[in-house]
Amino acid sequence: MAGRGKWKQCCSKGLSQRLEKEDRISQLPDPLICQILSHLPPNENVKTSVLSSRWTSLWLWVPRLELAWWHFDNFNAFKSFGDKFFDSNRSSCIEKLKLAVKENRDYVDDDASYLKSWIDAAVKRKIQHLDVWCSMDEMMPLRLYNCETLVSLKLCDVTLDDVDSFSLPFLKSMQLKFIWYRKEATFERLVSSCPVLEKLKIVDRCRFGNGKVFQVLSRSLKKLIILIGKKDPKLRSFLQDSGTRFVIDAPRLRFLRVDDKLSESFIINDMDFNAKVDISLPFGLDVFDEASISSRRSSIRSFLPGISKVEEMTICRHTFKVHMTNSTFESLLYK
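For the sequence shown, the working numbering assigns the number 335 to the last residue and increments by one with no breaks.
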């Protein structure tokens, strides 16, 4: 009997040793495991906490996270995960964060204040790449406007409050989509506060609480993409009534793409000869007869000199028609 017990003990020990050897991933250092976990959906990350006592909280320290409401069965599970991950007592750095938040119709009193606290926590933890999509036009926290670690920023369906100053010293890439700006100056301050900004993309429904002029003022910007008014009838009505205008002053700009169906005026300070432009700009017109085009004559005159020196130019047929009709009209007018 003693021999049989000893034999079982040896077998158990051997099995334990084999299992220990097979579980190679648990032998890795915590930072490396966290890097691996960051490639999993958040709800899968949580499941790893039951593997052993060591794994209980590893999911809370991942440096990259894509947290979207559709990853969870219900709103409570989504919010609970976020509250734990963004606990104010945690100090580990967050390299990359993508947040997708949908309005919670089950909670009438829910003001999405949790989103502000999550972004606040990310800024405190030295976020470098931030991507926020929110279906509620939620106001962004003030701390975000002075984040000294951000390298790239994507915002969609959010509101930017008017502040005296922004400070984003390392931001190189920014995308703004469906944004509500409390004041006209908010957009201008945001762009001009990024001393190393190289790429800016502006997409649809960019709205001001008041004001009509988007000013892109940047000494570092190299690539600018503006896409406005493709499939948004409400936006079309809003912008056509407001007479929205763009003014671009970016001396280092090397690539410009404009597909703007709504803006009535577009002024570009001289682009360099080695720049490339791709323009679809009907100056807010739906009808391209002589009477309509003549109403935009001053806007066309102001626009053309800014792109006259560029090396490579692509122009859509509507923009070309506007230009040619205006040129023909003016040549007849001054003969």
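Backbone N, C-alpha and C fix where the C-beta goes; we use that ideal spot for every residue, glycine too. All of these numbers come straight from a predicted model, not from anything done at the bench.
Separation of residue j from residue i, as counted between CA atoms
i	j	result
M271	D164	30 angstroms
A100	R301	43 angstroms
F266	D249	11 angstroms
D137	R252	33 angstroms
L262	I228	7 angstroms
R189	K222	18 angstroms
D120	R143	6 angstroms
E103	P282	36 angstroms
L336	Q128	There is no way to answer for residue 336, as the model of the chain reaches only from 1 to 335.
L176	I268	20 angstroms
E312	F303	17 angstroms
F72	Y145	30 angstroms
K212	N76	41 angstroms
Cβ shell of residue i (< 7 angstroms), same chain only, five flanking positions each side left out
i	result
R317	none
L153	L130, L171, M174
V310	M271, F273, A275, K276, V277
G82	L67, Y114, W118
I315	I279
M139	T159, D161
Whole-number beta carbon distance between residue j and residue i, since they are thought to touch under 8 angstroms
i	j	result
E198	S220	6 angstroms
L217	V196	With 8 angstroms as the limit, L217 and V196 do not qualify as a contact, their Cβ atoms being about 15 angstroms apart.
L65	F85	7 angstroms
F246	F214	5 angstroms
C93	R125	6 angstroms
V132	L155	5 angstroms
Identity of the residue in the options nearest residue i by Cα
i	options	result
N89	D204, W118, R245	W118
A275	R254, K116, P141, L153	R254
T186	L160, K126, L176	L160
L130	V258, S80, P169, K98	K98
D204	I127, S152, V258, F81	V258
V62	D260, K96, I268	K96
I398	E312, R297, C194, D260	The first residue shown for the chain is 1 and the last is 335, placing residue 398 beyond what the model contains.
S167	T149, L150, S193	S193
I307	S298, L155, L256, R297	L256
Sequence-distant residues of its chain with Cβ nearer than 6 angstroms to residue i (five each side left out)
i	result
C134	V101, D157, V158
T244	K212, S263
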